[in-house]
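> Just so you know, the sequences run in chain order H, G and Z. Just so we're aligned: the first sequence equals residues 376 to 694 in our numbering. Just so we're aligned: the second sequence equals residues 376 to 694 in our numbering. Just so we're aligned: the third sequence equals residues 376 to 694 in our numbering. Handing you a structure now.
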Amino acid sequence: MTNKFTLKQLAGDYSLEYRGDAGTCIQRIATLGSAGPDALSFLANPIYRKDLEITSAGIVILAAEDLGNYQGAVLISSNPYLDYARIANRVNEKPQSACIHPHASVDPDAAIGAGVSIAAGVVIEKGVTVGDNCRIDANVTLCHGVSLGERVIVHSGAVIGADGFGLAFDQDHWIKVPQLGSVVIGDDCEIGANTTIDRGAIEDTVLENDVRLDNLVQVAHNVKIGAHTAMAGCSGVAGSTSIGKYCMIAGASGVGGHIEIADHVTITAMSMVTQSIKTAGYYGSGVEAQPHAEWRRNLARLRRLDKTFKKLLLRKREK
Amino acid sequence: MTNKFTLKQLAGDYSLEYRGDAGTCIQRIATLGSAGPDALSFLANPIYRKDLEITSAGIVILAAEDLGNYQGAVLISSNPYLDYARIANRVNEKPQSACIHPHASVDPDAAIGAGVSIAAGVVIEKGVTVGDNCRIDANVTLCHGVSLGERVIVHSGAVIGADGFGLAFDQDHWIKVPQLGSVVIGDDCEIGANTTIDRGAIEDTVLENDVRLDNLVQVAHNVKIGAHTAMAGCSGVAGSTSIGKYCMIAGASGVGGHIEIADHVTITAMSMVTQSIKTAGYYGSGVEAQPHAEWRRNLARLRRLDKTFKKLLLRKREK
Amino acid sequence: MTNKFTLKQLAGDYSLEYRGDAGTCIQRIATLGSAGPDALSFLANPIYRKDLEITSAGIVILAAEDLGNYQGAVLISSNPYLDYARIANRVNEKPQSACIHPHASVDPDAAIGAGVSIAAGVVIEKGVTVGDNCRIDANVTLCHGVSLGERVIVHSGAVIGADGFGLAFDQDHWIKVPQLGSVVIGDDCEIGANTTIDRGAIEDTVLENDVRLDNLVQVAHNVKIGAHTAMAGCSGVAGSTSIGKYCMIAGASGVGGHIEIADHVTITAMSMVTQSIKTAGYYGSGVEAQPHAEWRRNLARLRRLDKTFKKLLLRKREK
């Protein structure tokens, strides 16, 4: 299932400088620590620099500044992780089998593109459109009318197009607000395992091209996520919020409803955004753990911070 | 699939004052921005007031104070969102098809009420009771013995009745505590996509009538949730906690175990509740994001807040 | 389905002291509040001490110091919860039916051990290994190549082995980094409902023996979790992090990527860990809710904490 490549061939195909025996041949991928002579490896994170000294990898992709005294065959890259990704995809290339598993339930009224793979347990409801070369993994649900672009990957257990959380309060009980919109997902998006994307209340929930969602992410009704934005695991966005292009939302962060986030905004982990952000940059509010006893004392101070400061200021005035 | 209504008919049926041509006829729902002359729209959130100037909607539901110079046909409501919900449900009314999809697995020992819709991929285990007119969406799991009232909606991927997280530590390893209770869900509840509700350890986990859970909500064993309470996406409740009636738990909030929350309590987003709350009202601890560099400086101060204050107080005493 | 036991028999089998009629016979489990004379109950949490006065339980397991004036039949235990777990498992013992539900999809190339139970809607892909006596609940997905030890319980909706969230940025778009590793899970692990465990990027994601994950937990690629560690609901671990043995990660906590957590570390609820922890103990950063108005004032102070302190220090210097 894997393919063989020589050092020279890879250097040529990816326009990379190389050192070492041009005929060195690899046919698999491995970490520096575990690679044998038939494996390609890479060094991108300085944490692993020490592994270079002991690696048996056939070829290593690395930056010129990490070369040091290493004598093995190398591909020199200005972005080793990116070049690794490109080459690893090729080494492991296998044609996607375009098939609908007999244990999938695909409504006859759904439009399924060419080259689409649909795994067991998938449910695709009426009026769904799945673009060419999508991959729909096991036990995914695509609710009625949802639309996916081309080359979208939906991981197992994800639910796209469930009703948004729309409720109107009627004196002493809730009335369900009908959720009449759908979900429109662009090309090259990836939706993580058990992630949920709700259908719009009236208009659609929209993910532009190349949006990448990790596992257990919640996207509420009428959210719009700009192209190339990535959201890490356990993050969520409340209803009607618009997130720009090229944003990064780190793990377990929450973005409130009815706000707008500009392009190129990064939200750090476990942060809460409740107001619109108009300027690109980094924003956050995650609190880092301390030894518990220390944190309890700080937290006790935080919980009466306003009173303490008021007292302090009063004393100042009194002096 | 939609139905037609005139302005006069809607005004009469919902006891609303109207202005404009009594014969104006709508047959669909749309936002102010996208509505055509055959659509009903509404204005509830002041953010959208500007859209009233440009709308082509056949009929708009709005509050008297938002009428301004608007010349189109209107229904005047003291609660436009609620009246919108009522009318939109009627415009889009379609009889639920009472059917069990051939790709659902329903144990012959389960009791399924009249008018119930069960989608593909649903698994209903032994001893489950599903009340009349429930809607069980694709890939839902109802574990053995779980009981649902009438008109309950369970969205795709939800799991009701998995074992609670019960473990006893035995010197150097865990022993599983058997989870012998079940889950009892009242009438008119709604359970979001990929939400999980665990069965009780000995007695049952209970949701009273009209409880509304959004997506990816976690309800642990032996939790009791009072009638009409709503929990937004990614929130969770730990074991044996009792939440009152008419509570609102905002997104990504966590409620600790073995506590009691009174009726009419609102928990704001991303807050953590670890002690019982005896008085109705708003409670919270969510921290709002700032520009990251600014937050880092504040966080550094927070992490030594107790030491700093101790030093400050010492100095005061020394003076 | 349950079995009968006398007081004398239980005392003997579990080496517990007893008081009361040796022939007292129980055949079911109940709480103190609801137990009848044929039920075994227990008192482990002092919250329930008052229920001892009114219980009709046939036998109660409790600590010597909780005995008081109670006159009923008792088993005296130094760890009532643990002894309850042991006995309750036996009272409710039923042989697991080793069967593959006809609505499960098991790849012919998967290796399924003896005594394994596989429920409806389960999808087991190519190359998966499931050890003896595992229990795979409804709608679980085990992706290609995943390996489970013996006696592993996977609750409904869990997804094991979906692709990790690996992306390399290429000028103006994302490139997917192939996820070539797998997931290896030891013996006696328990994986909660709708929990997700990603496959490794190159090497495997690993859970050692007796790891216990609650519902809606996210475990990213290449994470290693040491034996006997438990993670509560809605918690998550980012990529390549190593968590020690006997750790406890409380609900909704997040552990960052590429760090190491020592053995016997407890992370309290809703905390964020971003740096390695080298010493056993308790760590946390969760903020407890207050009345909202009070919290808003404290939060406002927190958001300018650094500026305020700088001003205070300046004034001091000026004096």
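Note that beta-carbon positions come from the ideal geometry of N, C-alpha and C, so glycine has one too. Owing to the predicted nature of the structure, the values given are computational and were not obtained by experimental measurement.
(1) So, at 6 Å on beta carbons, what are the nonlocal neighbours of M376 of chain H in its own chain, with the 5 sequence-adjacent residues on each side left out?
(2) Could you tell me the alpha carbon to alpha carbon distance between C474 of chain G and V521 of chain G, rounded to whole angstroms?
(3) How long is the line joining the alpha carbons of Y657 of chain Z and A637 of chain Z, rounded to whole angstroms?
(4) Could you give the distance in angstroms between the alpha-carbon of I404 of chain Z and the alpha-carbon of D681 of chain G?
(5) Between V529 of chain G and chain Z, is there a C-beta pair that is closer than 8 Å?
(6) Of the choices H:G611, H:T616 and H:S615, whose alpha-carbon is the least far from that of S628 of chain G?
(7) K662 of chain Z versus chain H: which residues are under 8 Å apart at the beta carbon?
(8) Are the C-beta atoms of C474 of chain Z and some chain H residue less than 8 Å apart?
(9) Buried or exposed: I429 of chain H, going by 16 or more other Cβ atoms within 10 Å of its Cβ?
(10) For chain Z, find out if any of its Cβ atoms is closer than 8 Å to the Cβ of W549 of chain H; answer yes or no.
(11) Beta-carbon of C609 of chain G versus every beta-carbon of chain H: anything under 8 Å?
(12) If you measure from the beta carbon of I499 of chain G to each beta carbon in chain H, is any gap under 8 Å?
(13) Of all Cβ atoms in chain G, is any one closer than 8 Å to the Cβ of P553 of chain H?
(14) Enumerated in chain order, which unbroken segments of the beta strand (DSSP E) with a length of 3 residues or greater are wholly contained in the stretch 499-526 of chain G?
(15) Along the stretch 636-659 of chain Z, where does the CB come closer than 9 Å to a CB of chain H? Name the residues.
(16) Mapping the DSSP letters down to three states, classify E635 of chain H as helix, strand or coil.
(17) For F540 of chain Z, decide whether its Cβ has a neighbour in chain H, counting only Cβ atoms nearer than 8 Å.
(18) Between the beta-carbon of G506 of chain H and the beta-carbon of L523 of chain H, is there less than 8 Å?
(19) According to DSSP, is E583 of chain Z part of a helix, a strand, or is it coil?
(20) Beta-carbon within less than 6 Å of I487 of chain Z's beta-carbon, same chain only, minus the 5 sequence neighbours each way: which residues are those?
(21) Could you check where the beta strand (DSSP E) with Y621 of chain Z kicks off and where it finishes?
(22) Do you know how far the Cα of D562 of chain Z is from the Cα of I707 of chain H?
(23) Helix, strand or coil: how does DSSP classify K551 of chain Z here?
(24) If the cut is a Cβ gap below 7 Å, which residues of chain G does Y456 of chain Z touch?
(25) Cβ closer than 8 Å: which chain H residues qualify as neighbours of Q665 of chain G?
(26) Return the first residue and the last residue of the beta strand (DSSP E) that D545 of chain Z is part of.
(27) Just checking: is the beta-carbon of T516 of chain G within a distance shorter than 8 Å of some beta-carbon in chain H?
(28) Give every residue of the same chain whose Cβ lies closer than 6 Å to the Cβ of G659 of chain Z, excluding the five residues on either side of it in the sequence, and list them in chain order.
(29) Can a CB atom of chain G be found closer than 8 Å to the CB of S492 of chain H?
(30) Does the stretch 570-580 of chain H come within contact of the stretch 543-558 of chain Z, defined as at least 3 CB pairs closer than 8 Å?
(31) Considering only the alpha carbon of each residue, which of H:L542, H:S472, H:H476 and H:K501 lies closest to D484 of chain H?
(32) Among G:L382, G:E578, G:A533 and G:E635, which one has its Cα closest to the Cα of L415 of chain G?
(33) Check whether the stretch 594-608 of chain H touches the stretch 529-548 of chain Z, counting contact only when three or more Cβ pairs, one atom from each stretch, lie closer than 8 Å.
(34) In or out: R424 of chain Z buried (at least 16 other Cβ within 10 Å) or exposed?
(35) Just curious, the alpha helix (DSSP H) that V559 of chain Z is in, first and last residue?
(36) D545 of chain H and V529 of chain H look like a contact to me (Cβ under 8 Å); what is the Cβ gap, rounded to whole Å?
With the structure as the only source:
(1) Stepping through the first sequence from its first residue, residue 376 of chain H is reached at position 1. In this predicted model, M376 of chain H has a pLDDT of only 48, less than 50, meaning its place in the structure is not dependable enough to derive any value.
(2) Within the second sequence, the letter at position 99 stands for residue 474 of chain G. Within the second sequence, the letter at position 146 stands for residue 521 of chain G. Their Cα atoms are separated by approximately 20 Å.
(3) As a first step, residue 657 of chain Z is located in the third sequence; it is residue number 282 there, counting from the start. As a first step, residue 637 of chain Z is located in the third sequence; it is residue number 262 there, counting from the start. Roughly 11 Å separates the two Cα atoms.
(4) In the third sequence, counting from the first residue as 1, residue 404 of chain Z sits at position 29. In the second sequence, counting from the first residue as 1, residue 681 of chain G sits at position 306. Here the alpha carbons of D681 of chain G and I404 of chain Z stand approximately 48 Å from one another.
(5) Here the question's residue 529 of chain G lines up with position 154 in the second sequence. No, V529 of chain G lies away from the interface with chain Z (no Cβ there is under 8 Å from its Cβ).
(6) For the purposes of this step, residue 628 of chain G is identified with residue 253 of the second sequence, where counting begins at 1. Relative to S628 of chain G, the option among H:G611, H:T616 and H:S615 whose CA is nearest is H:G611.
(7) Taking the first residue of the third sequence as position 1, residue 662 of chain Z is located at position 287. Note that residue 662 of chain Z is Val in the sequence shown here, rather than Lys. Residues of chain H passing the Cβ test: V662, L674 and L677.
(8) Here the question's residue 474 of chain Z lines up with position 99 in the third sequence. No, its Cβ sits nowhere closer than 8 Å to a Cβ of chain H.
(9) Taking the first sequence and counting its residues from 1, one reaches residue 429 of chain H at position 54. Result: exposed.
(10) To locate residue 549 of chain H, count along the first sequence from 1; it is residue 174. In terms of beta-carbon proximity, W549 of chain H stays away from the interface with chain Z, with every pair separated by 8 Å or more.
(11) Taking the second sequence and counting its residues from 1, one reaches residue 609 of chain G at position 234. Contacts with chain H at 8 Å (Cβ-Cβ) include C609 of chain G.
(12) By one-based count along the second sequence, residue 499 of chain G stands at place 124. Taking Cβ atoms only, chain H never reaches closer than 8 Å to I499 of chain G, which makes this a no.
(13) Start at 1 with the first residue of the first sequence, and residue 553 of chain H comes out as number 178. For P553 of chain H, the nearest CB of chain G lies under 8 Å from its own CB, placing it at the interface with that chain.
(14) The qualifying runs do not exist here; there are none.
(15) For chain H, the residues of the stretch 636-659 of chain Z that bring a beta carbon within less than 9 Å of one of its beta carbons are T641, I642, T643, M645, S646, M647, V648, T649, Q650, I652, T654, G656, Y657, Y658 and G659, in chain order.
(16) Indexing the first sequence from 1 puts residue 635 of chain H at position 260. E635 of chain H carries a strand assignment under DSSP once its states are collapsed to helix, strand and coil.
(17) Counted from its first residue, the third sequence places residue 540 of chain Z at position 165. Interface residue (Cβ-Cβ distance to chain H less than 8 Å): F540 of chain Z is classified as such.
(18) Within the first sequence, residue 506 of chain H is the residue found at index 131, counting from 1. Within the first sequence, residue 523 of chain H is the residue found at index 148, counting from 1. In this structure, the beta-carbon distance from G506 of chain H to L523 of chain H falls below 8 Å.
(19) In the third sequence, the residue the question calls residue 583 of chain Z occupies position 208. Coil.
(20) Position 112 of the third sequence, counting from 1, holds the residue named residue 487 of chain Z. Excluding positions up to five away in sequence, the list reads V505.
(21) As a working note, residue 621 of chain Z is residue 246 in the third sequence. For Y621 of chain Z, there is no enclosing beta strand (DSSP E), as DSSP marks it with neither H nor E.
(22) Outside the modelled stretch of chain H, which goes from 376 to 694, sits residue 707 of chain H, for which no answer is possible.
(23) Position 176 of the third sequence, counted from the start, is the residue given in the question as residue 551 of chain Z. Three-state DSSP puts K551 of chain Z in a strand.
(24) Position 81 of the third sequence, counted from the start, is the residue given in the question as residue 456 of chain Z. In chain order, A543 make up the part of chain G whose C-beta sits under 7 Å from the C-beta of Y456 of chain Z.
(25) Numbered from its first residue, the second sequence carries residue 665 of chain G at position 290. Result: Y658, G659 and S660.
(26) Your numbering for residue 545 of chain Z matches position 170 in the third sequence. Its beta strand (DSSP E) spans residues L542 to D545.
(27) Against the second sequence, residue 516 of chain G aligns to sequence position 141. With 8 Å as the cut-off, T516 of chain G does not count as an interface residue toward chain H.
(28) Sequence index remark: in the third sequence, residue 659 of chain Z carries index 284 (1-based). Around G659 of chain Z: T643 and S646.
(29) Numbered from its first residue, the first sequence carries residue 492 of chain H at position 117. For S492 of chain H, no Cβ of chain G is located within less than 8 Å of the residue's own Cβ.
(30) Remark: fewer than three beta-carbon pairs, one from each stretch, lie closer than 8 Å, so the stretch 570-580 of chain H and the stretch 543-558 of chain Z are not flagged as touching.
(31) As a first step, residue 484 of chain H must be located in the first sequence, where it is residue number 109. When each option's Cα is compared against that of D484 of chain H, the closest is H:K501.
(32) What you label residue 415 of chain G is simply residue 40 of the second sequence in a count that begins at 1. When the alpha-carbon of L415 of chain G is set against those of G:L382, G:E578, G:A533 and G:E635, the nearest one is in G:L382.
(33) The stretch 594-608 of chain H is in contact with the stretch 529-548 of chain Z.
(34) Indexing the third sequence from 1 puts residue 424 of chain Z at position 49. So R424 of chain Z ends up on the exposed side.
(35) Translated into positions along the third sequence, residue 559 of chain Z becomes position 184. Per DSSP, V559 of chain Z belongs to no alpha helix (DSSP H); it is in the beta strand (DSSP E), V558 to I560.
(36) For this step, residue 545 of chain H is matched to residue 170 along the first sequence. For this step, residue 529 of chain H is matched to residue 154 along the first sequence. In fact, because the Cβ distance is near 36 Å, the residues do not count as touching under 8 Å.
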